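Heads up: the structure comes next, in structure tokens.
2 protein chains.
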Amino acid sequence: MDKPVALDPRVQNRINNLIEPIADDLLSGAAELALRAITVFQSVLADQENDLLQPAQKKQALTYTAKALIDAQPAMAPLFHLGNDLLLAIDTATTNEAMVERSNTALAKFENRLCDSAATIADMAYDLIDPGELIFAYSFSSTVVSCLLNARARGRFFRVVCTEARPSMEGRKLASRLAAGGIEVIHTFDNAMGLVLGNCSAAFMGCDCIARAGVINKVGSWMLAVACRELNVPLYALSGTEKFVTDDRMFEFERHERPGVEVWDSAPKGVAILNQQFDLVPFNLLAGLVTEKGVLKEPDIEPYLSNFSVHRALKLEAAEVS
Amino acid sequence: MDKPVALDPRVQNRINNLIEPIADDLLSGAAELALRAITVFQSVLADQENDLLQPAQKKQALTYTAKALIDAQPAMAPLFHLGNDLLLAIDTATTNEAMVERSNTALAKFENRLCDSAATIADMAYDLIDPGELIFAYSFSSTVVSCLLNARARGRFFRVVCTEARPSMEGRKLASRLAAGGIEVIHTFDNAMGLVLGNCSAAFMGCDCIARAGVINKVGSWMLAVACRELNVPLYALSGTEKFVTDDRMFEFERHERPGVEVWDSAPKGVAILNQQFDLVPFNLLAGLVTEKGVLKEPDIEPYLSNFSVHRALKLEAAEVS
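Shown next, in the form of structure tokens:
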């Protein structure tokens with residue numbers, strides 16, 4: 001194990017400032033935030049201040065960045081894998097040059113993987129959108145958006161129903177993005193799902209991470225899933241396999257509680273506000289997990305849960321000790 | 323049939339002004355609005371302007387008031403029954419004195435019925451609140467509020483979880499009212515129901531009307547009901563039997579669509595907003611209907627659907643012809 005060395009507080013501050021917008025972003029999906037996290041790593045790599053000139057300092061700063069990104073959005077698996085891939089890549093690097101080169105290779109590979117996945121998933125989702133039908137879409141997922149816009153661009157006509165996704169209302173971002181892309185959108189509030197779902201031929205959602213227990217996504221996904229089953233609407237989670245995590249990491253999403261004032265800024269005395277961001281949809285409520293490797297069902301997922309190494313700095317036990 | 327006579331537009335205006343606040347009230351339950359409708363009828367009865375001095379004019383004005391109240395809140399059965407009871411009571415009255423006397427008797431009887439029902443229902447609901455448990459409550463219902471406050475006043479300790487009930491947010495009114503009455507409240511947004519319901523020992527909702535197909539209540543009630551069944555939480559609708567209507571009138575609730583700007587005041591071009599207020603919960607999703615006549619199940623409801631006459635002015639066919 002590396003001997004833990006305290007990172008210069010000035011460096012920590014510079015990194016925290018880069019990461020803060022990602023922690024505060026409640027409107028973007030996990031894949032989208034991972035792309036922005038790539039630029040955070042690039043900034044840390046390019047940082048030429050005195051306190052980051054030594055290879056050990058640089059490595060320490062990159063490790064701190066990886067952990068801080070995971071802490072910023074603990075439910076979002078791509079942020080974990082991005083940092084993990086980078087830390088594994090630089091593990092044996094001893095010079096700044098080697099570190100920069102291996103990091104850039106790892107970041108580029110990850111970005112390509114995300115983009116290739118999105119394109120393959122879009123092609124597969126095309127077949128799930130029946131012409132002239134109504135598709136339900138929940139929350140905001142760049143994967144779902146690219147699938148729907150791709151289908152529209154390929155000449156398929158359909159309408160999309162989406163809901164607000166309180167409290168952050170990222171459903172409005174989804175509605176705006178789809179309408180700007182020429183898709184006819186019907187928008188309503190979350191508790192009206194039951195009024196519209198019955199008219200939909202399929203429902204799509206993104207996801208933040210996947211493990212044996214199911215799929216983690218924006219809170220409300222479980223309600224959507226239960227309603228879909230009741231109304232016989234197939235619900236698909238659209239997601240690259242970079243969303244798979246180990247079972248222990250999956251429940252990290254429960255740490256992501258936001259301030260109550262984001263729900264009600266003037267709650268009276270005696271009223272406690274609960275502002276959890278994510279919930280868990282078990283596989284038995286999904287018609288399938290649409291990935292770049294195909295439409296997966298529960299029995300298919302086992303290999304994906306363990307086909308990656310976890311860098312020692314990101315192991316959950318290690319994280320708790322430090 | 324009465325020959326339809328046009329009502330003086332000035333009288334119509336005076337009545338419309340009295341009813342407008344009831345049409346615009348999205349925060350109050352049906353029983354609460356019925357109590358306010360009683361004062362509307364009292365104002366029309368007491369109106370001494372020239373254009374309402376003749377018995378025929380007065381009767382016409384009361385008929386107009388009854389219809390306009392139903393149109394203001396077409397899902398709310400007590401508004402229908404209040405007007406119906408009054409019109410049946412004055413049907414054969416030929417003098418102003420007789421009309422006022424019979425109206426006042428009908429209004430007082432209706433008010434007493436509402437209040438007696440609420441007290442009896444509160445006693446029955448007491449037994450459904452287990453000590454120390456968490457109760458889920460949805461939307462705003464004066465019946466539910468009086469049940470919970472009554473139980474607390476009788477010394478039962480419990481906590482209540484409630485959600486916003488978008489878009490009108492009458493769940494905040496519920497939270498505030500309960501907290502002011504000394505009940506510990508946990509509040510969250512509607513799509514987080516799935517995160518909290520599993521910890522609740524029972525769920526309560528009010529209702530706006532009841533017929534053979536089930537119970538009409540604030541939109542989101544169906545999602546709540548499906549989630550309750552999934553999590554084995556018994557869901558009770560608390561309601562006096564003045565909520566029963568004929569099957570044809572039940573679907574009047576679908577007429578109650580509100581302006582889209584109440585959901586999103588700056589929706590972009592290409593995004594249509596759906597703002598429906600009510601949905602239908604079938605009886606098979608309810609653990610019971612808690613009324614002043616006992617906790618009713620589906621097989622018990624038949625007699626209540628037909629134990630009242632409908633005044634000819636309020637028959638739906640007649641209303642469409644006029």
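Just so you know, the protein sequences line up as chains A and B, in that order.
Read in our numbering, the first sequence has 173 at position 173, and its numbers run on one by one without any break.
Read in our numbering, the second sequence has 448 at position 126, and its numbers run on one by one without any break.
Built from N, CA and C at the ideal position, the CB exists for glycine as well.
Predicted model only: the values in this text are computed from it and were never measured.
Within a Cβ cutoff of 7 Å, which residues of the same chain sit near G503/B, ignoring the five residues on either side of it in sequence?
In the second sequence, counting from the first residue as 1, residue 503/B sits at position 181. Correct list, in chain order: L471, R474.
Smallest Cα separation from K297/A: which of V44/A, V245/A, E101/A, A237/A?
Counted from its first residue, the first sequence places residue 297/A at position 297. Checking every option, the nearest Cα to that of K297/A belongs to A237/A.
Please list the partners that D601/B has in chain A, where partner means a Cβ-to-Cβ separation under 9 Å.
By 1-based counting over the second sequence, the position of residue 601/B is 279. Listed along chain A are N191, A192, G194, L195, each with a C-beta nearer than 9 Å to that of D601/B.
Counting only C-beta atoms, is P167/A closer than 9 Å to chain B at any point?
Against the first sequence, residue 167/A aligns to sequence position 167. Yes, P167/A counts as interfacial toward chain B.
So, with DSSP's three-state summary, where would you put M76/A?
Position 76 of the first sequence, counting from 1, holds the residue named residue 76/A. In the structure shown, M76/A sits in coil (DSSP, three-state: anything other than H, G, I, E or B).
Three-way DSSP call (helix, strand, coil) for A46/A in this model
Counted from its first residue, the first sequence places residue 46/A at position 46. Note: A46/A maps to helix in three-state DSSP.
For a quick check, are the C-beta atoms of M421/B and K380/B less than 9 Å apart?
Mapped onto the second sequence, residue 421/B falls at position 99. Mapped onto the second sequence, residue 380/B falls at position 58. Yes, the pair counts as a contact, with Cβ atoms nearer than the cut-off.
With C-beta atoms as the reference, is L62/A less than 9 Å away from L82/A?
By one-based count along the first sequence, residue 62/A stands at place 62. By one-based count along the first sequence, residue 82/A stands at place 82. No.
Strictly below 7 Å CB to CB, what residues from chain A border G536/B?
For the purposes of this step, residue 536/B is taken as residue 214 along the second sequence, with counting starting at 1. Within chain A, no residue comes near G536/B; the closest Cβ sits about 13 Å away, beyond 7 Å.
Where does Q54/A land, buried or exposed, given buried means 16+ other C-beta within 10 angstroms?
By one-based count along the first sequence, residue 54/A stands at place 54. Burial call: exposed.
Just to confirm, are A89/A and A106/A a CB contact at a threshold of 9 Å?
For the purposes of this step, residue 89/A is taken as residue 89 along the first sequence, with counting starting at 1. For the purposes of this step, residue 106/A is taken as residue 106 along the first sequence, with counting starting at 1. Against a cut-off of 9 Å, the Cβ pair of A106/A and A89/A comes out as a contact.
Report the neighbours of P590/B on chain A: residues whose CB is nearer than 8 Å to its CB, in chain order.
Residue mapping note: residue 590/B aligns to position 268 of the second sequence, counting from 1. The answer, in chain order, is A175, S176, A179, A180.
Burial state of R166/A (16 or more Cβ within 10 Å)
Reading the first sequence from its first residue, position 166 is the one you call residue 166/A. So R166/A ends up on the buried side.
Using the DSSP secondary-structure output, state which residues sit across from E579/B in a beta bridge.
The residue you call residue 579/B lines up with position 257 of the second sequence. In DSSP, E579/B forms a bridge with Q598/B.
On the DSSP bridge list, what partners appear for M205/A?
Taking the first sequence and counting its residues from 1, the one referred to as residue 205/A is at position 205. In the DSSP output, where bridge partners are listed per residue, M205/A has Y138/A, A237/A.
Evaluate contact between the stretch 598 to 618 of chain B and the stretch 198 to 209 of chain A, counting only Cβ atoms and requiring at least three cross-stretch pairs below 8 Å.
no
Is it true that the stretch 213 to 223 of chain A meets the stretch 124 to 142 of chain A, where meeting means three or more beta-carbon pairs spaced less than 8 Å apart?
yes
Three-state secondary structure (DSSP) of A227/A
What you label residue 227/A is simply residue 227 of the first sequence in a count that begins at 1. A227/A: helix per DSSP, three-state reduction.
Burial state of Q382/B, where buried means 16 or more other Cβ atoms lie within 10 Å
Within the second sequence, residue 382/B is the residue found at index 60, counting from 1. Label assigned to Q382/B: buried.
CB of V145/A within 9 Å of CB of I186/A, strictly:
For the purposes of this step, residue 145/A is taken as residue 145 along the first sequence, with counting starting at 1. For the purposes of this step, residue 186/A is taken as residue 186 along the first sequence, with counting starting at 1. The answer is no: Cβ separation not under 9 Å.
Between G516/B and P604/B, which are expected to be in contact by the criterion C-beta below 8 Å, what is the C-beta distance as a whole number of angstroms?
The count along the second sequence starts at 1 and reaches residue 516/B at position 194. The count along the second sequence starts at 1 and reaches residue 604/B at position 282. About 20 Å; that fails the 8 Å criterion.
Beta strand (DSSP E) segment containing T94/A, residue limits
As a working note, residue 94/A is residue 94 in the first sequence. Where T94/A is concerned, there is no enclosing beta strand (DSSP E), given that its DSSP letter is neither H nor E.
Does any C-beta atom of chain A lie closer than 9 Å to the C-beta of A594/B?
On the second sequence, residue 594/B is found 272 positions in, with the first residue counted as 1. Yes, A594/B counts as interfacial toward chain A.
Residues of the stretch 549 to 581 of chain B in Cβ contact with chain A at a cutoff of 7 Å, in chain order, please.
A549, E552
Partner residues on chain B for E184/A, Cβ-Cβ distance less than 7 Å:
Here residue 184/A refers to the residue found at position 184 when the first sequence is read from its first residue. Those within 7 Å of E184/A in chain B are G592.
Any chance the stretch 126 to 136 of chain A sits against the stretch 302 to 311 of chain A, with 3 or more Cβ pairs inside 8 Å?
No, the stretch 126 to 136 of chain A does not touch the stretch 302 to 311 of chain A.
Going along chain A in order, which residues have a C-beta closer than 7 Å to the C-beta of R494/B?
Along the second sequence, one-based indexing puts residue 494/B at 172. In chain order: W264.
Quick check: the Cα distance between R113/A and A122/A, rounded to an integer number of angstroms?
For this step, residue 113/A is matched to residue 113 along the first sequence. For this step, residue 122/A is matched to residue 122 along the first sequence. Computed Cα separation, rounded: 14 Å.
Report the CB separation of F278/A from A31/A in whole angstroms; it is logged as a contact under 8 Å.
For the purposes of this step, residue 278/A is taken as the residue at position 278 of the first sequence. For the purposes of this step, residue 31/A is taken as the residue at position 31 of the first sequence. F278/A to A31/A, Cβ: 16 Å. No contact.
Proximal residues to S365/B (C-beta, below 7 Å), its chain only, five neighbours per side dropped:
Counted from its first residue, the second sequence places residue 365/B at position 43. Cβ neighbours of S365/B within its own chain (closer than 7 Å, five residues either side excluded): L340.
Can you give, in chain order, each stretch of the beta strand (DSSP E) that sits fully within the stretch 101 to 178 of chain A and has at least 3 residues?
Here the runs fully enclosed are 134 to 138, 159 to 163.
Thinking H256/A and N84/A are a contact (beta carbons under 8 Å), I'd like their distance in whole angstroms, please.
Reading the first sequence from its first residue, position 256 is the one you call residue 256/A. Reading the first sequence from its first residue, position 84 is the one you call residue 84/A. Wrong, their Cβ atoms sit about 19 Å apart, outside the cutoff.
Exposed unless 16 or more other CB atoms sit within 10 angstroms - verdict on G616/B
Position 294 of the second sequence, counted from the first residue, corresponds to residue 616/B. The residue is exposed, with fewer than 16 neighbouring Cβ atoms inside 10 Å.
Strictly below 9 Å CB to CB, what residues from chain A border N597/B?
Mapped onto the second sequence, residue 597/B falls at position 275. What N597/B touches in chain A: T188, F189, A192.
May I ask you to report which of helix, strand or coil DSSP gives I344/B?
Reading the second sequence from its first residue, position 22 is the one you call residue 344/B. Correct three-state label for I344/B: helix.
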